[in-house]
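Worksheet: the structure to be examined is printed underneath.
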Amino acid sequence: MKTVLGRLWKTPAARVALIVLALYLLAAIAAPLLAPYDPFRMHDGEALQRPSLEFWMGTDRFGRDQFSRLLYGSRMSFKVGIIAVGVALTFGTTLGVVAGYFRGAADAVLSRLMDILFAFPELLLALAVMAVLGAGTGNLMLAIGIVYTPIFARIARGAVLEVNARDHVEAARSMGAGHLQILFRHLLPNIAPPLIVQTTLSFAFAVLAEAALSFLGLGVEPDAPSWGIMLKEGKDWMLQAWWVAVFPGLAITLAVLNFNLLGDALRDALDPRLHRENT
Amino acid sequence: MRRYLLKRLLHVLPVLFGVSLLSFALVHLVPGDSVTTLLGTRYTEERAEALRSEYGLDQPLPVQYFRWLGKVLQGDLGSSITTGQPVREAMAERLPVTIQLVGWSLTLGLLIAIPLGTLAAVHRGKKEDHIASVTGLMGLSVPNFWLATLLILFFSLHLGWLPSGGYRPLKDGLGTHLRTLILPALALGGAVAAVILRMTRSAMLEVLDQDYMLMARAKGVPPFQRIVGHGLKNAFIPVLTVIGIQAGYLLGGSVVIEEVFSLPGLGRLTLQAIQNRDYALVQGCILFIATSFALITLAVDIAYALLNPKLRAGGDV
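As they're listed, the protein sequences go chains A and B. Here the first sequence stands for residues 24 to 302, where the numbers follow the working numbering. Here the second sequence stands for residues 1321 to 1637, where the numbers follow the working numbering.
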């Protein structure tokens, strides 16, 4: 693990990504301390103000400070991301491990179920789930989690099949190790690398999906400070005020870009074969 | 080879059955009743009952499902509960717009990605490669609805060159048609270009290392012919699979892009149907999009098998 982190830190792109994401996380955690204004406060007579020393990123049509809303927006993105990806990781890995380890009927049923979910384009599935559950932050997390569950399941299943056939697992089994011991001591630590990479990349999707669904009006509550909602509102006013459409998009892009960069770097750092080829 | 094709075809059947089941189940799990929504202030218990019975909504769910599936297999997707228009007709009206949007997005994506990906691989580690990787990463990270917003801001509102929304069919002339679709296609195709670019680069890198490329060079084949004729031809097989996967992104993304540009396509119809709780329409749209995606994936898999010399020779996957 130490070598992986060392290798990661040696990659300039990963270093930048880690720093930027740490800043985002800081913004999310410390939003109430960092935000110059209450994100809901409507400043009288200050609607659609240009970026200035008073309002760093300008104000929206209700006179609300954009910078403060963006800071609170990072809170929303991280919250949705962590819980949605957590749901997908937990359920997907469990299903994938069960299917890959026990094979047989469980594998057949789960694999077919995952194939069916894969037949739906990601965003459409999220949209359909949101249509069933109704708009709202909690439902949104669940919808994104459901969409990404089959992806984790497929990766975990594939990794378990591969690791399960290795000599050390066979050896443990012949020495009388039980299912739980094999699962927790031998399989889970060895299937972690592809899951870690997928977790990072899924964060990028979760941030994008939260923004896209909120942008369509099927995501978080309409008055919540979310980047997608800000963009949805900003779109209608961009002729008068470019800043209402530009800054929220920039926040999303930077977050997604850095999750992708980190995911790519993690993949290289965790794959020793690739590492040797690159050096 | 024949066995593989048969296996692949048989594999898609349970998936399609599952897709139909899920499409049906999804909308029946929706809280709130479309009949209540539809009747609004005119709601009375009798009127609601009559409407439920007319649309078969008073039957048990399994009965409703098989009745619905039987009709679907005959091409009858029911009628929109809000407009009364047959779902098939509503979808047929909107489908060409989505096909054109997806088609142009893919075309633009390929036009950007293949040359740039090839260039990056040929100039590995040099300036061209860095430019391509930054372009690829940006394409993957910029949300399509933001890219769409920026394109409208710049090309429509600022420069006034292109319309910010609306659609003109191909019969109005290619130029007029393209004027309405170029920005949406760019917004939707950006991410596709990024994915194909990254795949082209890595596939080309692998091909460039092969012995036959060295051989072609030794035999004095000119660089362009060598790279395009020998290299790209062989690198195209893995690129093809990525294009298949991207079909799903394009179909899902069309919902967002059609909404931003007010394009009267299938994606926007789906969104409106969801907003209006129009059961039959949501079912029809979701079923159609997912089935199309499953069939596109099947077609790409078959094309992959046909193009792959190892499989063509009778090997297994």
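Quick reminder that beta carbons are idealized off the backbone N, C-alpha and C, glycines included.
### Per-residue burial, R1518/B [other beta carbons within 10 Å of its own, 16 or more giving buried]
buried
### Query
What residue from G201/A, L163/A, R84/A has the CA that sits closest to V110/A's CA?
L163/A
#### Entry: chain A contact for W1424/B (CB, 7 Å cutoff)
no
### Task
Tell me whether the beta-carbon of T1611/B lies closer than 7 Å to the beta-carbon of V1559/B.
no
### Task
Kindly give me the distance between the Cβ atoms of L1501/B and Q1420/B, rounded to whole angstroms, as I take these residues to be in contact under 8 Å.
6 Å
### Message
Which residues of the region 1589–1613 of chain B have a Cβ closer than 7 Å to any Cβ of chain A? Give them in chain order.
### Response
L1591, I1594, V1602, I1606, I1609, A1610, F1613
### Sequence-distant residues of the same chain with beta carbon closer than 6 Å to G1485/B, five excluded per side
F1581, S1582
### Query
At a Cβ threshold of 7 Å, is G1568/B touching chain A?
yes
### Query
First and last residue of the alpha helix (DSSP H) that includes L1341/B?
1322–1348
### Task
Please report how far the alpha carbon of G1338/B lies from the alpha carbon of Q1384/B, in whole angstroms.
16 Å
### Message
Quick check on the DSSP output: what are the complete alpha helix (DSSP H) runs of length 4 or more inside the region 137–199 of chain A, in order along the chain?
### Response
145–156, 160–187, 190–197
### Message
Residues of chain A with CB closer than 8 Å to the CB of G1486/B, please, in chain order.
### Response
Within 8 Å Cβ-Cβ: nothing; G1486/B doesn't reach chain A, min ~16 Å.
### Query
S1461/B CB to nearest chain A CB: under 7 Å?
yes
### Query
Going by C-alpha distance, which of Q1566/B, Y1375/B, I1609/B, T1403/B is nearest T1641/B?
Look at the range of chain B in this structure, 1321 to 1637, and you will see that residue 1641/B is not part of it.
### Task
Compare the Cα-Cα distances from G81/A to each of V183/A, Y60/A, G104/A, L112/A and report the closest residue.
Y60/A
### Task
With a floor of 4 residues, list each alpha helix (DSSP H) that falls wholly inside the region 1495–1580 of chain B, ordered by position along the chain.
1531–1538, 1553–1580
### Query
Taking Cβ-Cβ distances shorter than 8 Å, what residues in chain B pair up with R135/A?
P1334, V1335, G1338
### CB of L31/A within 7 Å of CB of A288/A, strictly
yes
### Message
Just to check my reading of the structure: V1422/B and L1570/B have Cβ atoms closer than 8 Å, yes? What is that Cβ distance to the nearest angstrom?
### Response
5 Å
### Query
For T82/A, which residues does DSSP report across the bridge?
D88/A
### Nearest residue (CA-CA) to G1604/B, options H1478/B, R1537/B, K1391/B
K1391/B
### Query
Counting pairs of beta carbons, one from the region 1509–1517 of chain B and one from the region 1452–1467 of chain B, are three or more of them closer than 8 Å?
yes
### Message
Do P74/A and W266/A count as a contact pair if the criterion is CB distance below 7 Å?
### Response
yes
### Query
Would S237/A pass as a contact of S249/A if the rule is Cβ separation under 7 Å?
yes
### Message
Can you list, in chain order, the residues of its chain with a C-beta nearer than 7 Å to that of M137/A? Leave out the 5 residues immediately preceding and following it.
### Response
P173, A176, R177
### Query
How long is the line joining the alpha carbons of Y1324/B and V1620/B, rounded to whole angstroms?
14 Å
### Query
Buried or exposed: V1548/B, going by 16 or more other Cβ atoms within 10 Å of its Cβ?
exposed
### Message
Could you check whether V1347/B and Y1624/B sit closer than 7 Å to each other, using their CB atoms as the reference points?
### Response
no
### Task
Take L1329/B and list the residues in its own chain whose beta-carbon comes closer than 8 Å to its own, dropping the five residues that flank it on each side.
L1618
### chain B contact for P144/A (CB, 7 Å cutoff)
yes
### Query
If we cut at 7 Å on Cβ distances, does K258/A have a partner in chain B?
yes
### Query
Within 7 Å (strictly less), CB to CB, does D294/A reach chain B?
no
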